[in-house]
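Sequential numbering from 3 applies to the sequence shown in UniProt numbering.
Right, one structure below, let's go through it.
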Amino acid sequence: RPRVFSGIQPTADSFHLGNYLGAVRQWVGMQDDHDAFYCVVDLHAITVGHDPALLRERSLRSVAQLLAAGLDPDRCTLFVQSHVAEHTQLAWILGCLTGFGEASRMTQFKDKTQRQGTEGATVGLFTYPVLMAADILLYQTDQVPVGEDQRQHLELSRDLAQRFNSRYGDTFRIPEAYILKETAKIYDLQDPTAKMSKSASTPGGIIELLDDPKVSAKRIRSAVTDSGREIRFDHDQKPGVSNLLTILSALTEQSVPALEEHYVGGRGYGDLKRDVADAVVEFVTPFRERTLALLEDPESLDNILARGAERARAVAAETLREAEDRLGFIVAK
Ligand code: ATP
Ligand code: MG
């Protein structure tokens, strides 16, 4: 079975709809036909300022949300990044293979430092993509289900794997991005040219899965639409409407053309928004209940994570040992 790896940051109290449709839903779908490793990437979460108590709580909430979304610890390996020390160890090695200029071209770093400038940004935020490459390469990953915003980081992971292999001998499998075209990028409801994001969405622009469903419904009803009245998918001319169509299509499994057809003649933006709000409420209501129920029993979450870390460590340790051997380190006896 092909190997799959992906991660999500515990940087907010709740996942948002973009995380789910762009990534987590694919994780769930890939559990059976793939040997899947999924990770709450807490090491990535400290690249920006954070509160320790909040980080711990958000990490646990992330695990609960992943289970609520349908991950099954008997069918995939679910763990927390900091439990497997090999991630940081391989990151150092890969950092020594990464060009400074190459790292400087990563657009996520530029986006995330746009407002505050790079002066106060951490070196960790700068080298984030190197740690991400380590995450992926440690597991000899074939496919990485992520949103469109991670495509460039995936490219770097591939480059680093190829570079290591050609310099020191075949060690890492070359991973491929698995990005579903339809839901690769869910946009902010108030600014439908920007991606919905945990850290940078407008207050009314994000659908948080653990929010009160009534709040989410209201946000959908207040989403920015476009001038005109026609309901048609056209990202350039009608980004707001197109985003709503994408969300509705993904949640109801009706194709976008079928939806466009449905809204022809008489039905307007108000109808579209009502239908999207209904679909969102129908999804988030049981999701939220399941998550809150799982959080009632933190001990079983800890047990799941302990099992996951053990399985992950076994694979990661073997890859790291091989990489260190190839690099010329004396292999510890
Ligand atoms: P942050 O703003 O802190 O970076 P984020 O919302 O980008 O948070 P991440 O934890 O960085 O969330 O990403 C988790 C996964 O969700 C990644 O695979 C990422 O590509 C995907 N993702 C994030 N935002 C979107 C979006 N708007 N549409 C589709 N996929 C997304
Ligand atoms: Mg992100």
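Think of the CB as a built atom: it goes at the ideal place given N, C-alpha and C, for glycine as much as any other residue.
Sub-8 Å separation of residue i and residue j beta-carbons
i, j, result
"Q142", "R175", "yes"
"I23", "A252", "One point to set straight first is that residue 23 is Leu, not Ile, in the sequence displayed. In contact: L23 and A252 (Cβ atoms closer than 8 Å)."
"P177", "L158", "no"
"V278", "I249", "yes"
"D144", "R27", "no"
"E88", "A316", "no"
"V132", "Q83", "no"
"Q154", "T109", "yes"
"A25", "G149", "yes"
"G171", "R328", "yes"
"V258", "F235", "yes"
"S8", "P147", "yes"
"M91", "F17", "A small fix is needed here, since residue 91 is Gln in this sequence, not Met. Not in contact: Q91 and F17 (Cβ atoms no closer than 8 Å)."
"A151", "K197", "Contrary to the premise, residue 151 reads as Asp rather than Ala in this sequence. Going by C-beta atoms, D151 is nearer than 8 Å to K197."
"A55", "T13", "no"
"L212", "D15", "yes"
CA nearest to the CA of residue i, picked from the options
i, options, result
"L57", "T90, L69, T49, D44", "D44"
"V86", "Q256, Y40, T204", "Y40"
"V286", "A93, G268, A219", "A219"
"M134", "Q118, T115, R160", "R160"
"L274", "I233, P288, R309", "I233"
"P205", "L191, L212, T195, D214", "L191"
"R231", "D213, D214, E262", "E262"
"V69", "V258, R276, A14, D299", "The sequence given here has Leu at residue 69, not Val. Of the listed residues, the one whose Cα sits closest to L69 is D299."
"G228", "I188, D34, N245", "According to the sequence shown, residue 228 is Asp rather than Gly. When each option's Cα is compared against that of D228, the closest is N245."
"V30", "A14, C78, R313, Q256", "C78"
"N305", "L62, G51, Y265", "L62"
"A314", "P75, T254, L96", "P75"
"residue 1", "I138, R107, G122", "Look at the range of the chain in this structure, 3 to 335, and you will see that residue 1 is not part of it."
"G310", "A47, A14, F17, V65", "V65"
"G51", "R165, R292, A123, S224", "A123"
"L127", "E59, F111, R117, A136", "F111"
"K187", "K114, L296, V333, G242", "G242"
"residue 1", "K335, E326, I332", "No answer is possible for residue 1: the residues shown for the chain start at 3 and end at 335."
Residues sharing a beta bridge with residue i, DSSP
i, result
"P147", "Y180"
"Y189", "K197"
"D236", "K240"
"A71", "In the DSSP output, where bridge partners are listed per residue, A71 has none listed."
"G9", "C41"
"E210", "H18"
C-beta neighbour in chain B for residue i, strict 8 Å
i, result
"A225", "Any reference to chain B falls outside this structure, which holds one protein chain only."
Q | Test item, CB below 5 Å from any non-hydrogen atom of the ligand ATP | A | Going by the Cβ distance cut-off, the answer is I10, Q11, T13, G20, N21, G24, A25, V148, G149, D151, Q152, K187, I188, K197, M198, S199, K200, S201.
Q: Enumerate, from N- to C-terminal direction, the unbroken alpha helix (DSSP H) stretches of 4 or more residues contained entirely within the stretch 75-133.
A: Counting only runs of 4 or more, we get 88-97, 102-106, 109-114.
Q: Would you mind listing the alpha helix (DSSP H) stretches within the stretch 241-285 that are 4+ residues and don't spill past its ends, in chain order?
A: Listed in chain order, they are 241-254, 258-265.
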